[in-house]
Amino acid sequence: MEKKILRLLIVDDSPDDAELAVASLRKAGFMLKNQRVQDLASMQAALDKGAWDVVLSEYTLPHFGAQLALDLVKRAHLDIPFLVVTRNIRDPDLVKIMRNGAHDVVLKSQSARLAPAVERELHVAEERRKYQKMSLTLNEVENKNRAIIEGSREAICYCQDGMHIDANKTYLEMFGYEDLAELEGVPLMNLVAKSDHVRFKDFLRKISSPNPPEPQEFLAAKKDGQHFHAELAISPIMLNGENCTQCVVIDVSKRKAVENRLQYLNQHDPLTGLFNRHHFTQELTRTLEKAKQEDSRSALLYLDLHELKEINDSLGHAAGDRLLLKIARLFRDKLGDSAILARFSGDEFTALLHGMSDSQIKEAVAELLATLKDTTFSEGGKTFRCDGTIGVVVIDKHCENAQALLNKAYQACQGGRASRPAPAAAPAPKPVPVPSSKPAPVAEVPAAADVPALAPIPTLTEVRRPAPSVTASAAQDWEARLKTALEKDGFQLAYQPTVNLHGDPEEYFEVLLRLAGRNGELIHAGEFMPAAEQLGLLTAIDHWVIRQSVQSLAALHRDGRQASFFVNLSPVSLGDPELLSMLQKQITAARLKPEYLVLEADESAVMENPSDAAMFMQAVKKIGCRFAVDNFGNNLSTLNRLREMPVDFLKISGSLIRNLSTDVLTRTSLKAIIDLAKSMNKQTIAKFVEKADDLGVLWNLGFDYVQGNYFQQADAHTDYTFADETTLASDTSTPNWANSRR
-17 MEKKILRLLI
-7 VDDSPDDAEL
3 AVASLRKAGF
13 MLKNQRVQDL
23 ASMQAALDKG
33 AWDVVLSEYT
43 LPHFGAQLAL
53 DLVKRAHLDI
63 PFLVVTRNIR
73 DPDLVKIMRN
83 GAHDVVLKSQ
93 SARLAPAVER
103 ELHVAEERRK
113 YQKMSLTLNE
123 VENKNRAIIE
133 GSREAICYCQ
143 DGMHIDANKT
153 YLEMFGYEDL
163 AELEGVPLMN
173 LVAKSDHVRF
183 KDFLRKISSP
193 NPPEPQEFLA
203 AKKDGQHFHA
213 ELAISPIMLN
223 GENCTQCVVI
233 DVSKRKAVEN
243 RLQYLNQHDP
253 LTGLFNRHHF
263 TQELTRTLEK
273 AKQEDSRSAL
283 LYLDLHELKE
293 INDSLGHAAG
303 DRLLLKIARL
313 FRDKLGDSAI
323 LARFSGDEFT
333 ALLHGMSDSQ
343 IKEAVAELLA
353 TLKDTTFSEG
363 GKTFRCDGTI
373 GVVVIDKHCE
383 NAQALLNKAY
393 QACQGGRASR
403 PAPAAAPAPK
413 PVPVPSSKPA
423 PVAEVPAAAD
433 VPALAPIPTL
443 TEVRRPAPSV
453 TASAAQDWEA
463 RLKTALEKDG
473 FQLAYQPTVN
483 LHGDPEEYFE
493 VLLRLAGRNG
503 ELIHAGEFMP
513 AAEQLGLLTA
523 IDHWVIRQSV
533 QSLAALHRDG
543 RQASFFVNLS
553 PVSLGDPELL
563 SMLQKQITAA
573 RLKPEYLVLE
583 ADESAVMENP
593 SDAAMFMQAV
603 KKIGCRFAVD
613 NFGNNLSTLN
623 RLREMPVDFL
633 KISGSLIRNL
643 STDVLTRTSL
653 KAIIDLAKSM
663 NKQTIAKFVE
673 KADDLGVLWN
683 LGFDYVQGNY
693 FQQADAHTDY
703 TFADETTLAS
713 DTSTPNWANS
723 RR
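So this is what it looks like as structure tokens:
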């Protein structure tokens, strides 16, 4: 493959080993631009700063290693070769890292394998990128086609073996189905009227021919049994690798009605409804051809009204139109439905009589003339007789053509009247346009809000971890006070809100423990917990805190507030089986949903005995509660351990948050921690937030929640108002917080 400048990121604490890898690749013909990193923060900074082609990582490093390095690469969505280059690796570790996504493992003692492995993975990565690009293009095309089909005014369906497998909305609406599930498996034949089944089957068979059949019209059947005229076009198509049929259906009922109306107007006189001159001439031609072929006989009648011109001149054309309508009805009544009648010109009518003998023709003509003489037309005080003359010509095989027949009938009609010009030949029919229709287009909007910022609140550091041991005399004093507090409920719970950084108004509170002093003051846990640990009272205190927390949380839920509590446990409680059974009983008795209770333990307590802690977390999960690790981030190597543990929240150590605005390295480390936590589906909480300046940084880093005296100091009440709107303005990197304190 073509050699180019290779951007190489090496994760290794040995400069010599890194140089050996570089030399091996240069010897293979690669031109390198490389950088060596050895911890999480420096790797995160390198990934943020530049683009890389290959990552080579030592498997184990102090507080770091290939597992975390690979997680960072995956979190950054980098599709680049990741190779583990190590001195030694156990088989289980090799299997684990390969399953996690490493592309190869190369021993440093086998450096000759490195260059071929890199070349191979670069080639595979390039092919993968091409495949992803083609897949993206294919998805875009499929989405466009789907949008076109769904938005089409034409009804489209897909069938396999004569059964429906897919259809667009227009198709469902056309045939009266509510959704696709109702149509799937319905035979296509069911949507065609039975009278057209034979013709439709022949139409479907033609799809296998080299040239698909032209669209045809059928009588379609809706789900409710109604019928309508539809035009169907079918074509073969491949769907999911199988042969299918695409059907495009157009409801032509309206078009059919328009065409029928146009055809009617093209053939009929608009006033009388009789055939017009053009159509009658065509019928006369067909009758003559039939007479010559079958030696049959018919009769042509030509009627001329005598009084129409006088009526038009004296009473107006409206009166003349009424006379014409009266004569048309008379014709229909006397000649019957079998006769072909036409208004040939202004005051002239024609008729074709079939299947009649000469005597029958004479009888019909005589009766018609008698009726005309007996018929009168009265209008405007005047009465007119509907008199006229009729010329009759027999049509047989000896006749020349239609025009000659018309001339002869006309001459016979005129008889003794003054000569009139013979009727002209019928004009050629004019094409009738068929109307068409096309669709039309559509539009959208944004929004934003600005919220005032809160003033900072005086700081008060919450101490949770036990202080050094107490003296014997102090221990005796604490023993009496703590036992009395346990017996007589001398402890108190305080609550500090945990606020969602992205505007979710769900209520979270951290539950903190206080002891009532001799003068009514409240003593923080940091002052009495060391004595409680020495006296072996931690388990009893944890039991008391859980009982009170469950009761307090249940009371909030009864008031309609779906709050959640974080309850901190001491290290000894992680090995206390009685605590779990007590917790289960308390939750059941209070009728509380367990997911609203989050138990938390310090990172050091979890890592002191990870296997026991993991078993405890699993038991908590079975009850239905959630779990959080407190004071996380002091030892980054614990990330690997937490990967397999059912932890929902990571509370980042306050020591990392306090220096956030001034320490760039801390921000880089936190960014890496948060990205990895998200990749493990664990939410992050920033503790001890004291300054407004930190909020924008925390939001940009990706924290989910924040907690600290900036929002509210720990209080005996849970009256903090959580925001019910997005609390971040869209045009600034620093959050503007809604005034949420009462």
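Numbering follows this note's numbering, in which position 637 of the sequence shown is assigned residue number 619; successive positions increment by one, without gaps. Think of the CB as a built atom: it goes at the ideal place given N, C-alpha and C, for glycine as much as any other residue. On a predicted model such as this, the values are computed, not experimentally measured, just so you know.
(request) Take T332 and list the residues in its own chain whose beta-carbon comes closer than 6 Å to its own, dropping the five residues that flank it on each side. (result) F262, Y284, A324, F326
(request) Please report how far the alpha carbon of K575 lies from the alpha carbon of Q478, in whole angstroms. (result) Taking C-alpha positions only, K575 is separated from Q478 by approximately 21 Å.
(request) Going by CA-CA distance only, name the one from V100, K660, T650 that's closest to V629. (result) K660
(message) Quick check on L(-9): buried or exposed, where buried means 16 or more other Cβ atoms within 10 Å of its Cβ?
(response) buried
(message) Within a Cβ cutoff of 7 Å, which residues of the same chain sit near A384, ignoring the five residues on either side of it in sequence?
(response) Excluding positions up to five away in sequence, the list reads T263, L266, T267, L270.
(message) Within the continuous beta strand (DSSP E) that includes C395, where are the two ends?
(response) Not the beta strand (DSSP E): C395 falls in the alpha helix (DSSP H), residues 384 to 396.
(message) Please identify the residue among L495, L50, Y702 whose C-alpha is closest to the C-alpha of E489.
(response) Y702
(request) Under 8 Å Cβ to Cβ from Q396, same chain only, skipping five residues before and after it: list those, please. (result) D286, T371, G373, R402
(request) On a CA-only basis, which of R463, D277, V230, L247 is nearest G499? Give me that one, please. (result) R463
(request) Count the other C-beta atoms from every protein chain shown that fall within 10 angstroms of the C-beta of H146, then say buried if there are 16 or more, exposed otherwise. (result) For H146, the number of other beta carbons within 10 angstroms of its own is at least 16, and it is reported as buried.
(request) Please name the residue or residues paired with R529 in a DSSP beta bridge. (result) DSSP lists no partner for R529.
(request) Evaluate P512 with the Cβ neighbour count: other Cβ atoms within 10 Å of its Cβ, from every protein chain shown; 16 or more gives buried, anything less gives exposed. (result) buried
(request) Look at the alpha carbon of F257 and the alpha carbon of D369, and state the distance between them as a whole number of angstroms. (result) 22 Å
(request) Can you grab the Cα-Cα spacing for the pair D206 / H250, in whole Å? (result) 36 Å
(message) Tell me which residue opens and which closes the beta strand (DSSP E) that N225 is part of.
(response) 224 to 233
(request) To the nearest angstrom, report how far apart Y392 and E382 are at their CA atoms. (result) 16 Å
(request) Would you give the residue range spanned by the beta strand (DSSP E) that G370 belongs to? (result) Note, G370: beta strand (DSSP E), 370 to 377.
(request) Find out if the Cβ-Cβ distance for the pair L658, D53 is shorter than 8 Å. (result) yes
(message) Quick check on the burial criterion: 16 or more other C-beta atoms within 10 angstroms. Buried or exposed for M597?
(response) exposed
(message) Bridge partners for V493 per DSSP, in chain order?
(response) Y477, V549
(request) Report the partner residues of R336 according to the DSSP bridge assignment. (result) One point to set straight first is that residue 336 is His, not Arg, in the sequence displayed. H336 is bridged to S280.
(request) Determine the DSSP secondary structure at I79, reduced to helix, strand or coil. (result) In the three-state scheme derived from DSSP, where H, G and I count as helix and E and B as strand, I79 is classed as helix.
(request) May I have a chain-ordered list of the beta strand (DSSP E) segments no shorter than 3 residues that lie completely inside the region -3 to 40? (result) 13 to 19, 36 to 39
(message) Are the CB atoms of A33 and F64 within a distance shorter than 8 Å?
(response) no
(message) In the DSSP output, which residue or residues are listed as bridge partners for L574?
(response) For L574, which the question treats as bridged, DSSP gives no partner whatsoever.
(message) Measuring alpha carbon to alpha carbon, tell me which residue in G255, T365, L297, L351 is nearest R311.
(response) G255
(message) Quick check on the DSSP output: the alpha helix (DSSP H) that includes M171 runs from which residue to which?
(response) Run containing M171: none; DSSP gives neither H nor E here.
(message) Excluding the 5 residues flanking D(-5) on each side, which residues of the same chain have their C-beta closer than 6 Å to its C-beta?
(response) Excluding residues up to 5 positions away in sequence, Q20, L43 lie with their Cβ nearer than 6 Å to the Cβ of D(-5) in the same chain.
(request) Note the first and the last residue of the continuous alpha helix (DSSP H) segment covering M599. (result) 592 to 605
(request) Hey, could you find the ends of the beta strand (DSSP E) S360 is sitting in? (result) Start and end: 358 to 361.
(request) Go ahead and pull the three-state DSSP assignment for M627. (result) coil
(request) Go ahead and pull the three-state DSSP assignment for D645. (result) coil
(request) Look up I(-8) in the DSSP assignment and say whether it is helix, strand or coil. (result) strand
(request) Check each candidate in A674, T620, L581, D594 and name the one with the smallest Cα separation from F631. (result) L581
(request) State buried or exposed for L317, treating a residue as buried only when at least 16 other CB atoms are found within 10 Å of its CB. (result) buried
(request) Could you check the C-alpha separation between E132 and L214 for me, to the nearest Å? (result) If you take the alpha carbons of E132 and L214, they lie about 18 Å apart.
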